[in-house]
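**Student:** One structure is given below, represented as structure tokens, and several questions about it will come after.
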Amino acid sequence: MKNHVPYIPTTEADRSGMLAEIGVTAIDDLFEAIPRHLMLKGELLLPSPAGGGLPLSEMELKKYLGDLSALNPHSYTCFLGAGCYNHYVPSIVDLFTGLPQFYTPYTPYKPETNQGTLQAMYEYQTMMCRLTGLEVSNASLYDGATAMAEAAKMASRLTGRTEIVIPGTVHPEYRQVLDTYLWYGDWQVVEAGIRDGKTDLKELAQRVSDRTAAVIVQSPNFFGILEDMEAVSEIAHKNEALFIYLVVEALSLALIRPADLGADIVAGEAQSFGTHMSFGGPHLGFINCYSRHKSKIPGRIVTKTEDIEGKPAYMLWGAAREQHISRSRATSNICSNHALNALAASIYLSWYGSEGLQELADTHNLQTAYYAYEKIGRIPGYAPAFPGQEIFNEFLLRCPYEVGSLNRRLLDHSIIGGLDVGRFYPEYERTMLLCITEKTTKDDIDRLADILTYLNEKGLS
Amino acid sequence: MEREGVKLIFEESKNGRAAYTLPRPAVQHRDLLGKYRRKGLDLPQVSERQIAGHYQNLAELNFSPYAEMDPLGSCTMKYNPPLMESLAAQGGFRDIHPYQDESSIQGLLEVMYYLDLCLREITGMAAFTLQPSAGAHGESTGIMIGGAYLHSKGEGRTKILAPDSAHGTNPASVANLGFEYEQVDSNEKGWVDLADLKARMTEDVAIFMLTNPNTYGLFDPHIEEIAEIIHKKGGLLYYDGANLNAIMGKCRPADLGFDIVHVNLHKTFATPHAMGGPGAGPTGVREALKDYLPVPLVVRDGDRYRLTYDLANTIGKVKAFYGNISVLVKAFAYILMLGPKGLRTASETAVLHANYMQEVLKKRGFKFPYGDQHCMHECVMKYEGIDTLGQLLAERFKKLQATIHFPEANAYMMEPTETETKESLDDYIEAMVAADKAVKDPRAMEELEKGKIYTPIRKVNTKKGMSRPRLIEPEEEA
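As they're listed, the protein sequences go chains A and B. To convert, take the position in the first sequence, counting from 1, and add 904; that gives this note's numbering. To convert, take the position in the second sequence, counting from 1, and add 1; that gives this note's numbering.
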């Protein structure tokens, strides 16, 4: 490349013309406010990982990043879940999230030029509320973990209380994020224990008091088990605390409706709805609540209204909750969110529809997961860690080996094994959290079973 | 597009229609989930053809920054190269799981490792976390790092300061973490009022958050004195990187005296804003604060990359997993594409374009309260009746409105960015001149109102929308 810089259209003639218009002679005259001695001497010393120096042309960039992408196997059979789910993304989702009219615009502050975004978000809110059974949905947060932390603060604001009670069955990374978010202020996180892979309800009841702002329980929980959410709801409500129903595997909503089980707030992660795993981000955080709590919900919300001629129109609602209006009194600092992932979710949910989503969740996740649960659980040395508990599409499996070594052997067979849960729970050493989705078919499960049996005969080394 | 509106997807729904396909069942179906199983579920039942039509029609209701210059101030709406989208969408970045074995993610770890190095060099900081998902998320992260650092030295500082011109996220981040927020005045030049800062900078203050150039588009020339005031009292100086696009390769936040910085990859590094996000707000710190970064970080041992959790004083985690990976890939590719000279030229051109707009608009009679100074990458005009002007620009001239009523009432903050041509700047200026004429001259307005309307709706009835919210579409009675 000779003189031009990619994406910059300003020619030498433009440049000198504009400088003359401004009445200066050199670009650096425009930077006069920066003390001279603080200005950078020479060029930035950027690393040149592709070798050969910068800048790279489009072709070189494609080669370099193509090579890097090729280093990461991505078509293996993947039995990992634990907060990031390997669901199939229909082609139409990527096509429409890839339209420049959706991926380039800013937040729809000016409704008249952003009706497409606003209507899509209104439809997204409606679909989420139909899934959870609640009345208000924000139009996305960063991810499930931050949504949960935001929901905790929301509950604290609503109740005027400061304690958050949360059991060890909630995703460990989510609990870490909660601890980080609540580290400084006047909040306390109170932990409750685990019993047979579920929240220890007796202990939970002891922990909840008139200081409790919210009880947060995840279902299906981190071990894939369905919690007794009605009992949790009763414990929370007896103490006039709010019940935050945490959903990390959103596909479970196709079969279970949190409003039926006493949820006051549903918070969580909807990556399962049309967002690629992407090594854990960007995903799709959400909070749903009842209308009576809407003034304290964080994030953007779209309302349907009309224009001055009475035609249907959409706009952002409740800016008084938001940082750009209320500053230090805002319900959250959130500004940029994950609207494109919310769009993906709407397209995804429209594609599956009511019937398709339930068939996907039931036949291709729940039923197949039970098949795997029994098939793998029967292999000598392997067994479900919490037999008899109800699951959705994940379960904890006891293994005869250290899970890391086992997984490395599975990689040799182009299989990505389940999560080594011992990394978060030392007491569950040699257990693997196995996740079954529509992308891990009966054949894949049979193959995994064969390999595990083979390794039993042959040994790991 | 005629102004008819697009039906809701729910209104397209009919029993018996569907778009999905799924494999045949392979395992025996059992009766599971008895007592938990929900009764109904009311999602749209539509064909794939209808979905395509619906979203195509919705897309066309948006003014796209590809079609029109978007001078939204402080948002850096520069061109988003499609190349970066295709690079980030490669299977080896998009279809991998966060808990995969490190041996199977070496390519991605290299991207993260080198992006960190690039951001260090651009800002002068010692290390970055790539975890924060947005600018405001970076602010929270930075405040927690700074707070934890001071706390560990036994200092219970409770207050955080920012100027009145700060982005709303600054005070919101402070208050939402439980710190006390205090506002520092700006002076008549648009800079930090040093006397006010000195008076407020007590030993209770942990951090002073500053955007430089600030939201008036001005570089505060007293940055060294500011840093000295803060550091002398043992506080930390935080750089809100929202306006970093003005200074790449010209000066570096660390050299200016900042201790913590977040950068908005979706502004400065050309990743798309995506109707609000996802973006990414990597946050960098000086050497002394390195140990407080969230975990994990990517490190290199010989020719292998790995994630390390070995940080003695880490604040923990600010999101699940590691960051908004696709955004990181795009920003990294952009940096390599421009290189050191290109990044500097980008900043220089952004500043040139903003000054050109300010200068020409001044000559055409518009008022710039700080227009006696050269601006940086954005300029702030004051205009009585800015709502009408903005509406006319959109409705009658097919222009995207700049940031209005910020950093003060009646302000119009324009950031043309380096990727627009001089012709599109001129075109926008001419539209402003014509709209201004209509605001001031009823006959010109009458003439304009005879012409074409470019927006799919007229002005929204915001009063009604605010007071009578309808936040979801009610389900149809079965």
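Where is the CB? At the ideal position from N, CA and C, for every residue including glycine. Computed from a predicted structure; not experimentally measured.
Residues in the same chain with beta-carbon distance under 8 angstroms from V278(B), minus the five sequence neighbours each way, listed in chain order, please.
**Tutor:** Inspection of the sequence shows that residue 278(B) is occupied by Gly rather than by Val. Once the five neighbours on either side are set aside, the close Cβ partners of G278(B) are S134, A135 and H267.
**Student:** When the Cβ atoms of the stretch 230-250 of chain B are set against those of the stretch 1202-1210 of chain A, are three or more pairs found closer than 8 angstroms?
**Tutor:** Counting Cβ pairs under 8 angstroms, fewer than three are found: no touch.
**Student:** Could you list the residues in the stretch 259-287 of chain B with a C-beta less than 7 angstroms from some C-beta on chain A, going in chain order?
**Tutor:** Of all residues in the stretch 259-287 of chain B, H267, P273, H274, A275, M276, G277, G278, P279 and G280 have a Cβ within less than 7 angstroms of some Cβ in chain A.
**Student:** Can you tell which of K1362(A), T1335(A), L1108(A) and T1235(A) has its C-alpha closest to the C-alpha of A1287(A)?
**Tutor:** Cα-wise, what sits closest to A1287(A) is T1335(A).
**Student:** Name the residues in the stretch 334-353 of chain B whose C-beta lies less than 8 angstroms from a C-beta of chain A; which are they?
**Tutor:** Answer set for the stretch 334-353 of chain B: A334, I336, L337, M338, L339, G340, P341, K342, G343, L344, R345, T346, A347, E349, T350, V352 and L353.
**Student:** For M2(B), I'd like the list of residues in its chain whose CB is within less than 7 angstroms of its CB, leaving aside the five on either flank, ordered along the chain.
**Tutor:** Because the pLDDT at M2(B) is just 42, under 50, the model does not fix this residue reliably, and the point stays unresolved.
**Student:** Where D102(B) and G1184(A) are concerned, what is the direct C-alpha to C-alpha distance, given to the nearest angstrom?
**Tutor:** Computed Cα separation, rounded: 14 angstroms.
**Student:** Output needed in chain order: residues of the stretch 1006-1033 of chain A with a Cβ under 7 angstroms from some Cβ in chain B.
**Tutor:** Residues passing the 7 angstroms Cβ filter: F1006, Y1007, T1008, P1009, Y1010, T1011, P1012, K1014, P1015, E1016, T1017, N1018, Q1019, G1020, T1021, Q1023, A1024, E1027, Q1029, T1030, M1031 and C1033.
**Student:** Quick check: the stretch 1112-1132 of chain A against the stretch 1055-1063 of chain A, are at least 3 beta-carbon pairs closer than 8 angstroms?
**Tutor:** Yes: the two stretches touch, three or more of their Cβ pairs being nearer than 8 angstroms.
**Student:** Give the residues of chain B in contact with T1427(A), contact being defined as C-beta atoms less than 8 angstroms apart.
**Tutor:** Within the shown structure, residues of chain A are numbered from 905 to 1365, placing residue 1427(A) beyond reach of any answer.
**Student:** Could you give the C-beta distance for T404(B) and P283(B), rounded to a whole number, given that I count them as a contact under 8 angstroms?
**Tutor:** In fact, because the Cβ distance is near 24 angstroms, the residues do not count as touching under 8 angstroms.
**Student:** Fully enclosed by the stretch 255-300 of chain B, which beta strand (DSSP E) runs are 3 residues long or longer?
**Tutor:** Whole beta strand (DSSP E) segments, 3+ residues: 261-264 and 284-286.
**Student:** Whose CA, out of E1107(A), Y1026(A) and P1076(A), lies closest to the CA of L1220(A)?
**Tutor:** Per the Cα distances, Y1026(A).
**Student:** Please indicate yes or no: does the CB of R471(B) lie closer than 8 angstroms to some heavy atom of the ligand NAP?
**Tutor:** By its list of ligands, the structure shown contains no ligand whatsoever, and the ligand NAP lies outside what it can speak to.
**Student:** Taking only beta-carbon positions, decide if P82(B) is within less than 9 angstroms of chain A.
**Tutor:** By this cut-off, P82(B) is an interface position.
**Student:** Whole angstroms are fine: how far does the CA of Y1218(A) sit from the CA of P475(B)?
**Tutor:** Their Cα atoms are separated by approximately 16 angstroms.
**Student:** Comparing C-alpha positions only, which one of E1278(A), L1247(A), Y1274(A) and F1290(A) sits nearest to F1006(A)?
**Tutor:** Considering only alpha carbons, the answer is L1247(A).
**Student:** What does the alpha-carbon distance come out to for the pair A1043(A) and Q1029(A)?
**Tutor:** Distance between the alpha carbons of A1043(A) and Q1029(A) is about 6 angstroms.
**Student:** Take the Cβ of A479(B) as the centre, count every other Cβ of all protein chains shown within 10 Å, and call the residue buried at 16 or more, exposed below.
**Tutor:** In this prediction, A479(B) scores a pLDDT of 49, lower than 50, which makes its location untrustworthy; no coordinate-derived value is stated.
**Student:** Beta-carbon separation of F209(B) and V175(B) under 9 angstroms?
**Tutor:** Not a contact, by the Cβ cut-off of 9 angstroms.
**Student:** Please state whether DSSP places N356(B) in a helix, a strand or coil.
**Tutor:** Reduced to three states, the DSSP call for N356(B) is helix.
**Student:** Taking the beta carbon of P99(B) as the centre, do at least 16 other beta carbons fall within 10 Å, making it buried, or is it exposed?
**Tutor:** Classification of P99(B): buried, given that the 10 Å Cβ count is 16 or more.
**Student:** Beta-carbon of E3(B) versus every beta-carbon of chain A: anything under 9 angstroms?
**Tutor:** Because the pLDDT of E3(B) is 46, which lies under 50, any placement of that residue in the model is unreliable, and the number read from its coordinates should be weighed accordingly. False, the Cβ-Cβ gap to chain A never drops below 9 angstroms.
**Student:** Where in the stretch 65-151 of chain B do unbroken runs of the alpha helix (DSSP H), each at least 4 residues long, occur, reported from the N-terminal end onward?
**Tutor:** Qualifying alpha helix (DSSP H) stretches, in chain order: 83-89, 92-95 and 107-124.
**Student:** Helix, strand or coil for R158(B)? Go by DSSP, reduced to three states.
**Tutor:** Correct three-state label for R158(B): coil.
**Student:** For A1118(A), does the three-state DSSP call read helix, strand or coil?
**Tutor:** Residue state, collapsed to three classes: strand.
**Student:** Could you tell me whether the Cβ of K79(B) comes closer than 9 angstroms to any Cβ of chain A?
**Tutor:** Taking Cβ atoms only, chain A reaches closer than 9 angstroms to K79(B), which makes this a yes.
**Student:** Just tell me which of I1148(A), K1106(A), S1113(A) and K1142(A) has its CA closest to the CA of Q1122(A).
**Tutor:** The option with the nearest alpha carbon to Q1122(A) is I1148(A).
**Student:** Quick one: residues in its chain with C-beta nearer than 8 angstroms to the C-beta of L958(A), no 5 flanking neighbours on either side, listed in chain order?
**Tutor:** Excluding positions up to five away in sequence, the list reads L950 and S952.
**Student:** So with CB distances below 7 angstroms, who are the chain A contacts of I52(B)?
**Tutor:** What I52(B) touches in chain A: I996, I1251, S1254 and W1255.
**Student:** Taking the C-alpha atoms as reference points, what is the distance between Y1013(A) and L393(B)?
**Tutor:** The alpha-carbon atoms of Y1013(A) and L393(B) are separated by roughly 16 angstroms.
**Student:** Going by C-alpha distance, which of V461(B), A436(B), G466(B) and M467(B) is nearest G452(B)?
**Tutor:** That would be A436(B), whose Cα lies nearest to the Cα of G452(B).
**Student:** Contact criterion: CB-CB distance below 9 angstroms. Does T926(A) meet it with respect to chain B?
**Tutor:** Note on residue identity: the sequence assigns Ile, not Thr, to residue 926(A). Judged by the 9 angstroms Cβ criterion, I926(A) is in contact with chain B.
**Student:** In chain order, what residues of the same chain lie with their CB nearer than 6 angstroms to the CB of R1161(A), ignoring the 5 residues before and after it?
**Tutor:** Excluding sequence neighbours, R1161(A) sits near G1037.
**Student:** Once the 5 residues before and after D71(B) are set aside, which same chain residues still bring their CB inside 6 angstroms of it?
**Tutor:** M78 and L401.
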